[in-house]
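To get our numbering, take the position in the sequence shown, counting from 1, and add 52. Positions of the beta carbon are idealized from the N, C-alpha and C atoms, including for glycine. No experiment lies behind these values; they were computed from the predicted model shown. First comes the structure, then the notes that go with it.
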Amino acid sequence: MSNTNVIVVTDTFLRLKSRYSIRFEAEGEGAMRVGSGLEGDNTDAALVRQSDKVFIPGSSLKGVIRSTVERLARSIWAERTCVLFAEEANVGVPCGNATRKRQQELEANTGTMLEELRQEKVQLCPVCVLFGSPLMAGRLKVKDASLVEGHEGRAVVRHGVGIDRDTGTAKDKIKYDYELLEDRPVFSIELQLENVGEMDLALLFMLFSEWKREGLSVGGKRSSGMGKLTFPEEGAAVSYFDEDAGWGLIEMLESDVKAMEWKLFEQKMKDSFSVAARS
Ligand SMILES: [Zn+2]
53 MSNTNVIVVT
63 DTFLRLKSRY
73 SIRFEAEGEG
83 AMRVGSGLEG
93 DNTDAALVRQ
103 SDKVFIPGSS
113 LKGVIRSTVE
123 RLARSIWAER
133 TCVLFAEEAN
143 VGVPCGNATR
153 KRQQELEANT
163 GTMLEELRQE
173 KVQLCPVCVL
183 FGSPLMAGRL
193 KVKDASLVEG
203 HEGRAVVRHG
213 VGIDRDTGTA
223 KDKIKYDYEL
233 LEDRPVFSIE
243 LQLENVGEMD
253 LALLFMLFSE
263 WKREGLSVGG
273 KRSSGMGKLT
283 FPEEGAAVSY
293 FDEDAGWGLI
303 EMLESDVKAM
313 EWKLFEQKMK
323 DSFSVAARS
C-alpha cells in the first residue's frame, strides 16, 4: 500500500509558516433547529442560543465539516484515511487515531504516543492532521458562526411529541417545544488554517466543491433536509501569510496579511486535489 497520503507532522506547532483565513457569509436554507443548550435536550441541533443571540458553535460546525470531508476522502483514498468513531471501518488504516481501541490507548497514554509520533513510529492520516486527534491539535480552526446583522431570520416555536425512552410506549408521549430559525438567516463563517500542506488544500477543495453543490447540513433533522447552509456564489474572502508564497510571518508582522482572490485560492486547492486524487 502506498504511503503517499500519510503525513508525519512533528513540527506543526513549533514553527508558524503560514496562516490562511477564509471568511464568508452562509445563508440558512430551510428551517434550522435551535438547541436550548439545556441538559436533556438531546437533539442533534447545532444552533445554540446564548444571551439571546443564536449562533453555531465552532465545534459543531467543525464536526459537520469533518464528517463531510471524511466521507469524501474515504471514497477516494479508501483505507488511507480514517473516520472518527468507527469501530471496524478503519481496520488497516495506517493512522495513530484510526480505531476506537487506538483512541483509547492514545487517551490513556498520550505522552508515550506523542514521543512515538516524534520518532515517526506513529503516523496520522490527512484527515486527522487537518482536523486534529488526541495526539495533536488540527491545522484547521473553525470559529463560532454568529448571525449577520439585519439577516437574523425569524425564530418560531413548534410543538413536538416525544416518546418516553424508558418505557418506549406511545401512551407515554411527552410534549415538548422546540425552536426553529426560519426566513433565511445568514451566518458569518470563518475558518483558519495554519501551516497548511498540499493534502490539507486537497481536502478543503473537496469540502468547498461539495458545499457549493449540496450545501452543508447543520442544525438538526438532517434526514428531512432541514437546516442547510449554502456557500456564496462569489466565494470567500481569503487573507493570508505564507512563506512559500513570498509573504511570510515577518512581512505580515511588519505590515499586514495579504488578500487573495477566491478564484486563485480555489485554483490552488484544486491543483493540490488533482495531484493527490490521482496518486
Ligand atoms: Zn486518522
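query, result
"What beta strand (DSSP E) runs, 3 residues minimum, are completely inside the region 186-257?", "192-194, 197-199, 206-215, 225-234, 238-246"
"Quick one, are the C-beta atoms of Val290 and Phe317 less than 8 Å apart?", "yes"
"Less than 6 Å between C-beta atoms, sequence neighbours within five positions excluded: which residues of the same chain meet that for Lys69?", "Asn247, Glu295"
"Among all residues, which have a Cβ less than 5 Å from at least one non-hydrogen atom of ligand 1, and in what chain order do they fall?", "Cys134, Cys147, Asn149, Cys177, Cys180"
"Quick one: grab the DSSP three-state call for Gln102.", "strand"
"Taking all protein chains shown into account, do 16 or more other C-beta atoms lie within 10 angstroms of the C-beta of Asp235, making it buried, or fewer, making it exposed?", "exposed"
"Expressed to the nearest angstrom, what Euclidean distance is found between the alpha-carbon atoms of Ile117 and Ala254?", "14 Å"
"Assign Phe76 to one of three DSSP states: helix, strand, or coil.", "strand"
"Label Ser331 either buried or exposed according to how many other C-beta atoms from any shown protein chain fall within 10 Å of its C-beta, with 16 as the threshold for buried.", "exposed"
"In this structure, does DSSP put Glu285 in helix, strand or coil?", "coil"
"Which word fits Val179, buried or exposed, when buried means at least 16 other C-beta atoms lie within 10 angstroms of its C-beta?", "buried"
"Please report the straight-line C-alpha distance between Ala329 and Trp299, rounded to a whole angstrom.", "28 Å"
"To which residues does DSSP link Arg85 through a beta bridge?", "Leu232"
"Suppose you measure from the CA of Val327 to the CA of Glu242; what does that come to, to the nearest Å?", "27 Å"
"Is Arg71 helix, strand or coil when you go by DSSP?", "strand"
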